[in-house]
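Going line by line, the protein sequences match chains S and R. The first sequence begins at 0 in numbering that gives the first Met the number 0 and counts up by one. The second sequence begins at 0 in numbering that gives the first Met the number 0 and counts up by one. Glycine included, every Cβ here is placed at the ideal spot set by N, Cα and C. Presented below is the structure to which this report refers.
Number of protein chains: 2
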Amino acid sequence: MKRNGRPIIPKKTIYRLSIYLRCLARLRENGIGTVSSEALAKAAGVKSTQLRKDLAYFGTFGTRGLGYDVSELSQKISGELGTAQLQPVVLVGVGHLGLALLSYRGFEKEGFEIIAAFDTEPNRKREKKIAQPILGIREMPAFVAEHAVKMAILSVPVAVAQETVNALIKSGVMGILNFAPIVLAVPEDVMVNNVNLAIELENLSYFIQG
Amino acid sequence: MKRNGRPIIPKKTIYRLSIYLRCLARLRENGIGTVSSEALAKAAGVKSTQLRKDLAYFGTFGTRGLGYDVSELSQKISGELGTAQLQPVVLVGVGHLGLALLSYRGFEKEGFEIIAAFDTEPNRKREKKIAQPILGIREMPAFVAEHAVKMAILSVPVAVAQETVNALIKSGVMGILNFAPIVLAVPEDVMVNNVNLAIELENLSYFIQG
DNA sequence: AAGTGTTTGTGAAATGTTTCACAAGAAATT
DNA sequence: AATTTCTTGTGAAACATTTCACAAACACTT
Chain S
0 MKRNGRPIIP
10 KKTIYRLSIY
20 LRCLARLREN
30 GIGTVSSEAL
40 AKAAGVKSTQ
50 LRKDLAYFGT
60 FGTRGLGYDV
70 SELSQKISGE
80 LGTAQLQPVV
90 LVGVGHLGLA
100 LLSYRGFEKE
110 GFEIIAAFDT
120 EPNRKREKKI
130 AQPILGIREM
140 PAFVAEHAVK
150 MAILSVPVAV
160 AQETVNALIK
170 SGVMGILNFA
180 PIVLAVPEDV
190 MVNNVNLAIE
200 LENLSYFIQG
Chain R
0 MKRNGRPIIP
10 KKTIYRLSIY
20 LRCLARLREN
30 GIGTVSSEAL
40 AKAAGVKSTQ
50 LRKDLAYFGT
60 FGTRGLGYDV
70 SELSQKISGE
80 LGTAQLQPVV
90 LVGVGHLGLA
100 LLSYRGFEKE
110 GFEIIAAFDT
120 EPNRKREKKI
130 AQPILGIREM
140 PAFVAEHAVK
150 MAILSVPVAV
160 AQETVNALIK
170 SGVMGILNFA
180 PIVLAVPEDV
190 MVNNVNLAIE
200 LENLSYFIQG
């Protein structure tokens, strides 16, 4: 299926592309130049046919009888995901979790940089020193607009989550990584990814009962 | 479809049951005693037919023409998910993220209690005081076995993630909430839920370009 | 250069999930 | 008590995703 020229790639496939990218990175670190769909799929925890189907959505990069060139495939997936260039991100809500996320060094490696954080009490004393500036929530709209920030991490209390999202969207944010345990109402063209740790635990709890 | 007497409920349905449970909790807080599938579905961000199908997997609880009793439905879903009683959980890896998770007060409300944390350097000075004991990683096997812990949160560095999981499983852990950006190899009867923040951001990044 | 062995790419089949359409049941109204 | 209104529960249809099966393409060996 296609829409405006580009094929429509399933959400799940996009998710797996990210996983493949990480596996490829590790292969490259180990100096491995070529990999078969079988081997890469195993590393990613999927079936090899699924890996090939996933790649087929946006091109054909392999060599039959040999496999895929690790560097080339990395680049192609990176390009498709749009993580080739560094993306600015803001974080809103600097509580326990927000502070931990600001300290987390895993984003930069993947092409994202938290350039600022916002909180209702930016000067409240925190037990940890961090590199990014913490600004008042009132400064958020201007900052986001000025720096053309398109993505935000939301770690505010549930009570203010919806109003915070409204403000972010008004300022131009299109994608939100939401840690507040609430279903946010957003326009169709805005995307929300929810991370709810309690739900993940509940999920585990169910399936290990059998 | 059924297996050993119980119907097989899709993973996605289980996930949504957790969401319904949260929506119901909020309704109850607001003193609302009855809710229609239409209203609850809207609050949960799904279609009403889907909500009814989800519930139909394990029973029929509604009253036609009226809707569902909020308290009763909460109990039924809780019972199905197995979150009726408090579940002990351990956390392994007390770095930035682990520390934040230990401070997170959202688990208890949902029926989970982090009863202890483990780290290779339990006495390393940390900038935050927390309630749970931090023990050496060597004490983990005995502790987990003794307290019959079935679930663990894994926030260790990638390099030691697999060996840590092996040890946890050996001690009797059946469910793992994994924050390490790596695909863990586990036996069939052990369940892993991965939380990978970089992937979530990458995902957003892709869809807001479209 | 021919033959053998691998591995990709892809229609088709199988499986899984969501949505539709509507009968059936209960409440509310007249 | 009959009628209308509302809402559930569910088989069937539509849609989406995964897996299968195998031809095509290339590498490697002899």
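Coil, strand or helix - residue i by DSSP
i: residue 12 (chain R); result: helix
i: residue 143 (chain R); result: helix
i: residue 188 (chain S); result: coil
i: residue 195 (chain R); result: coil
i: residue 29 (chain S); result: coil
i: residue 168 (chain R); result: helix
i: residue 155 (chain S); result: coil
i: residue 85 (chain R); result: coil
i: residue 129 (chain S); result: coil
i: residue 90 (chain S); result: strand
i: residue 124 (chain R); result: coil
i: residue 57 (chain S); result: coil
i: residue 206 (chain S); result: helix
i: residue 103 (chain S); result: coil
i: residue 75 (chain R); result: helix
is_contact[residue i, chain S] using C-beta, thresh 7 Å
i: residue 192 (chain R); result: yes
i: residue 12 (chain R); result: no
i: residue 74 (chain R); result: no
i: residue 202 (chain R); result: yes
i: residue 185 (chain R); result: no
i: residue 44 (chain R); result: yes
i: residue 26 (chain R); result: no
i: residue 99 (chain R); result: yes
i: residue 107 (chain R); result: no
i: residue 95 (chain R); result: yes
Cβ of residue i within 7 Å of any chain R Cβ
i: residue 78 (chain S); result: no
i: residue 39 (chain S); result: no
i: residue 153 (chain S); result: no
i: residue 208 (chain S); result: yes
i: residue 182 (chain S); result: yes
Inter-residue spacing [alpha-carbon to alpha-carbon] between residue i and residue j
i: residue 174 (chain S); j: residue 164 (chain S); result: 10 Å
i: residue 168 (chain R); j: residue 17 (chain R); result: 26 Å
i: residue 14 (chain S); j: residue 50 (chain S); result: 12 Å
i: residue 12 (chain S); j: residue 40 (chain R); result: 27 Å
i: residue 57 (chain S); j: residue 171 (chain S); result: 29 Å
i: residue 34 (chain R); j: residue 153 (chain R); result: 38 Å
i: residue 101 (chain R); j: residue 131 (chain R); result: 7 Å
i: residue 147 (chain R); j: residue 91 (chain R); result: 16 Å
i: residue 117 (chain S); j: residue 127 (chain S); result: 16 Å
i: residue 96 (chain S); j: residue 155 (chain S); result: 9 Å
i: residue 23 (chain R); j: residue 206 (chain S); result: 22 Å
i: residue 85 (chain R); j: residue 19 (chain R); result: 19 Å
i: residue 74 (chain R); j: residue 68 (chain R); result: 10 Å
i: residue 158 (chain R); j: residue 151 (chain R); result: 18 Å
i: residue 3 (chain S); j: residue 78 (chain S); result: Low confidence applies to residue 3 (chain S): its pLDDT is 48, below 50, so where it sits in the model is not reliable, and the reading given next is rough at best. About 18 Å.
i: residue 108 (chain S); j: residue 196 (chain R); result: 12 Å
For residue i: DSSP bridge partner residues
i: residue 109 (chain S); result: For residue 109 (chain S), which the question treats as bridged, DSSP gives no partner whatsoever.
i: residue 66 (chain S); result: S:62
i: residue 118 (chain R); result: R:135
i: residue 175 (chain R); result: R:151, R:191
i: residue 34 (chain S); result: S:67
Same chain only: Cβ atoms within 6 Å of residue i, ignoring 5 sequence neighbours per side
i: residue 190 (chain R); result: 174
i: residue 181 (chain S); result: 157, 160
8 Å CB neighbourhood of residue i in its chain, flanking five on each side removed
i: residue 106 (chain R); result: 88, 112, 113
i: residue 80 (chain S); result: 13, 16, 17, 20
i: residue 138 (chain R); result: 117
i: residue 70 (chain S); result: 27, 32
Contact set for residue i: own chain, Cβ-Cβ below 7 Å, skip 5 residues either direction
i: residue 54 (chain R); result: 60
i: residue 121 (chain S); result: 133, 134, 135
i: residue 185 (chain R); result: 164, 168, 191
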